Every structure is written in structure tokens, then in C-alpha cells.
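Just so you know, we're using this note's numbering here: the sequence shown kicks off at 539 and counts up by one. To start, the structure itself, in C-alpha cells.
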Amino acid sequence: IIILFEQPVRVGDVVQIDGVTGFITKIRIRATTITDFDRKDYIVPNKEFITGKLLNWTRSDDVQRLTLTVGVAYGSDTRLARRLLLQAATEHEDVLTDPPPTAGFEEFGDNSLNFKLRVFIRTYERRLLVTDELHQAIDDKFGAASIEISFPQRDLHLRSLPEPLIRFFNESVAERVT
Numbered sequence: 539i540i541i542l543f544e545q546p547v548r549v550g551d552v553v554q555i556d557g558v559t560g561f562i563t564k565i566r567i568r569a570t571t572i573t574d575f576d577r578k579d580y581i582v583p584n585k586e587f588i589t590g591k592l593l594n595w596t597r598s599d600d601v602q603r604l605t606l607t608v609g610v611a612y613g614s615d616t617r618l619a620r621r622l623l624l625q626a627a628t629e630h631e632d633v634l635t636d637p638p639p640t641a642g643f644e645e646f647g648d649n650s651l652n653f654k655l656r657v658f659i660r661t662y663e664r665r666l667l668v669t670d671e672l673h674q675a676i677d678d679k680f681g682a683a684s685i686e687i688s689f690p691q692r693d694l695h696l697r698s699l700p701e702p703l704i705r706f707f708n709e710s711v712a713e714r715v716t
């Protein structure tokens, strides 16, 4: 009854409850149906909406924020990387200008210089598509500017090896070069 009268959720809202995210498709007296993005229906007792934690992505506003994390290789031009991130965002038709996109050099990571691009879009339904399109645009722009998107790397420092191993490694490298 609380759900029907107070309406913390409505049919069509995108919600997340108990690890399930999807659209509210039916509200009944005892249970509510959530259809996830794989088109599976979850029947959730209404008491869960009252006593449990509920995230309603679309209750008061359809505008959604996306946060994309991009790591670039050490030695990259960080100012250029930031400009290209913002350029990719401002060129995308679904990215809102108010509030404007932001990009920042967030941290020195183990394997990369980490940036975050934050943008707002009009509707939850386009989250996945806009994320994909922004990733594609960023990859294109970074590739054209010769900015390498980083990947995990490990350097191996050997202090001392027995002579037979040193010979083995030297011969292996020599064979690959020729």
C-alpha cells in the first residue's frame, strides 16, 4: 500500500535493489516485477522496497552521470590527453553541456597515468551506447595523437644469475633478432 500511495517507485523507473538492476514493469499489492537488461523478470516482495536499500536511478531526474576511467602510458602529454577527453565528450550529441563535461588527471597508477572523464546524459537507457561511443572516440583521438592507452606492465630486474642461465638468455635473444 505504501508503494502504491507514496510511490517511491513507478512503472518505468530504473532501480537497483539487492544486486538487481532493471526497469519496474509491474506493481502489485504484494510484489513488484523488475525486468533486468537481459529481459529476466525478478519478483520482489514489496517489503524489500520499504525496509531494504533501494537506488532509483530515474525517480526525480532522468539525467545520468557517466564516469569513464582512462589510463595513459607514462611519458604521455597529460595536458593533451585531458583536452582530447573533453573534445570527445563535447563532440558527442548525447552529452549535455549543462552541467558541462569534466576531465581530470586523477592519479599516478601502477601502470598508467589515470584520468576520469565525467559527463551527463539525458537518459539512463543510453548509458551503455554512449559509454561505448565515447570509448571509441577516445581511442580514435588518442591513437591519432600517438597517446598510448596503458596496459599492465612488469619489469623484471635480475640481480645475479648463474652463468649457464645468462648464456641461455643471450642465445635466445640472439636467435629472435636474426
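Glycine is no exception: its CB is placed at the ideal position from the N, C-alpha and C atoms. Keep in mind that this is a model prediction, so the values were computed, not measured.
Quick one: using the 10 Å Cβ neighbour count with 16 as the cut-off for buried, is residue i buried or exposed?
i           : result
residue 581 : exposed
residue 672 : buried
residue 549 : exposed
residue 639 : buried
residue 706 : exposed
residue 614 : buried
residue 602 : buried
residue 551 : buried
residue 562 : buried
Would you check if the distance between the CB atom of residue i and the CB atom of residue j is smaller than 8 Å?
i           : j           : result
residue 590 : residue 555 : yes
residue 692 : residue 604 : no
residue 676 : residue 623 : yes
residue 661 : residue 576 : no
residue 657 : residue 595 : no
residue 659 : residue 699 : no
residue 688 : residue 611 : yes
residue 564 : residue 571 : yes
residue 557 : residue 573 : no
residue 587 : residue 546 : yes
residue 669 : residue 606 : yes
residue 679 : residue 627 : no
residue 690 : residue 649 : yes
Which residue marks the beginning of the alpha helix (DSSP H) containing residue i, and which one marks its end?
i           : result
residue 587 : 584-589
At what residues does the beta strand (DSSP E) containing residue i begin and finish?
i           : result
residue 742 : Residue 742 is absent from the model: the chain starts at 539 and stops at 716.
residue 558 : 558-565
residue 549 : Segment: none, residue 549 is in no beta strand (DSSP E) and carries neither H nor E.
residue 599 : Element bounds for residue 599: n/a, residue is neither H nor E.
residue 574 : 569-574
**Q.** Sequence ranges, beta strand (DSSP E) only - wholly within the region 624-699, length at least 3
**A.** 640-646 and 651-659
Q) Per the contact definition of three or more C-beta pairs closer than 8 Å, is the region 611-619 in contact with the region 644-655? A) yes
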